[in-house]
Ligand code: ITT
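Numbering (UniProt numbering), first residue to last: 5 to 201.
Structure (structure tokens):
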């Protein structure tokens with residue numbers, strides 16, 4: 005079975021490839037380098053649908069897209085859908101992380117609770133649309149650690165780790181991240197829908 009992965013982010017391609025080969029090796033992921041639509045939705049789901057619709061229309065094949073980001077409780081859920089451009093008009097992950105750490109440096113939330121969110125939209129050429137959501141709870145570190153992954157990984161500490169050795173996702177291996185991430189959680193909900201294609 006073949007499905008188009010509608011993203012221009014090479015990190016997402018790598019992560020989905022790892023998730024698919026671990027959980028659904030029967031599935032063939034096709035890349036997408038067609039037109040990038042304007043993501044002017046106001047929710048993760050709207051933006052994921054915009055990207056998946058464009059790819060399904062352009063390729064004539066079933067397509068899925070991920071819209072994702074980090075949501076910080078004391079910031080009312082921001083950066084959220086604005087995660088990629090949090091510090092300005094260029095996608096600058098270093099500036100984004102620095103701004104986020106600055107914004108919550110003096111907050112009165114000792115837990116610094118946050119979550120990574122991935123919404124995946126699946127669109128088929130007959131016009132059927134589905135969305136699923138994966139959430140990975142955790143908190144924001146006080147300083148960056150590790151250089152694995154991408155985006156906010158060096159400042160995100162997933163819940164459920166041994167308190168003595170709490171690592172950021174930047175310190176996790178790719179395989180560890182792909183087994184537990186918001187993207188893996190969303191894909192687990194997408195898999196049964198792909199089986200129906
Ligand atoms: P596409 O739209 O082409 O898929 P993009 O990177 O622009 O690529 P988004 O609009 O969904 O994708 O923005 C996602 C941003 O959220 C990403 O740039 C990171 O800043 C952040 N993010 C999402 N998933 C992440 C992860 O697994 N680790 C770290 N940061 C993540």
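Beta carbons: idealized from backbone N, C-alpha and C, even for Gly. Values in this document were obtained by computation on a predicted structure and should not be read as measured data.
Check whether the Cβ atoms of residue i and residue j sit closer than 7 Å, and answer yes or no.
i: residue 8; j: residue 34; result: yes
i: residue 32; j: residue 6; result: yes
i: residue 174; j: residue 155; result: no
i: residue 188; j: residue 54; result: no
i: residue 52; j: residue 71; result: yes
i: residue 74; j: residue 87; result: yes
i: residue 150; j: residue 177; result: no
i: residue 122; j: residue 190; result: yes
i: residue 12; j: residue 40; result: yes
So, for residue i: in the same chain, excluding its five sequence neighbours on each side, which residues have a beta-carbon less than 8 Å away from its beta-carbon?
i: residue 183; result: 26
i: residue 131; result: none
i: residue 37; result: 12
i: residue 18; result: 178
Would you mind giving the Cβ-Cβ distance between residue i and residue j, rounded to the nearest angstrom? I have them listed as a contact below 8 Å.
i: residue 136; j: residue 124; result: 5 Å
i: residue 108; j: residue 85; result: About 19 Å; that fails the 8 Å criterion.
Residues in the same chain with beta-carbon distance under 7 Å from residue i, minus the five sequence neighbours each way, listed in chain order, please.
i: residue 170; result: 161
i: residue 101; result: 148, 156, 158 and 159
i: residue 115; result: 143
i: residue 89; result: 95
Tell me the rounded alpha-carbon separation between residue i and residue j.
i: residue 95; j: residue 14; result: 14 Å
i: residue 185; j: residue 141; result: 9 Å
i: residue 146; j: residue 197; result: 39 Å
i: residue 127; j: residue 103; result: 35 Å
i: residue 129; j: residue 63; result: 9 Å
i: residue 61; j: residue 117; result: 39 Å
i: residue 20; j: residue 80; result: 29 Å
i: residue 111; j: residue 65; result: 47 Å
i: residue 113; j: residue 120; result: 18 Å
i: residue 69; j: residue 134; result: 11 Å
i: residue 179; j: residue 16; result: 14 Å
i: residue 45; j: residue 166; result: 38 Å
i: residue 201; j: residue 30; result: 13 Å
i: residue 76; j: residue 105; result: 11 Å
i: residue 99; j: residue 91; result: 6 Å
i: residue 168; j: residue 82; result: 28 Å
i: residue 47; j: residue 181; result: 24 Å
i: residue 199; j: residue 93; result: 39 Å
Starting from the C-beta of residue i, find all residues in its chain whose C-beta is less than 6 Å away, skip the five residues before and the five after it, and write them out in chain order.
i: residue 97; result: 155
i: residue 67; result: 8, 10, 56, 59, 60 and 127
i: residue 28; result: 195
i: residue 163; result: 141 and 142
What residues come near the ligand ITT, if near means a beta carbon less than 5 Å from any of its heavy atoms? 11, 12, 13, 71, 72, 73, 87, 88, 155, 156 and 157
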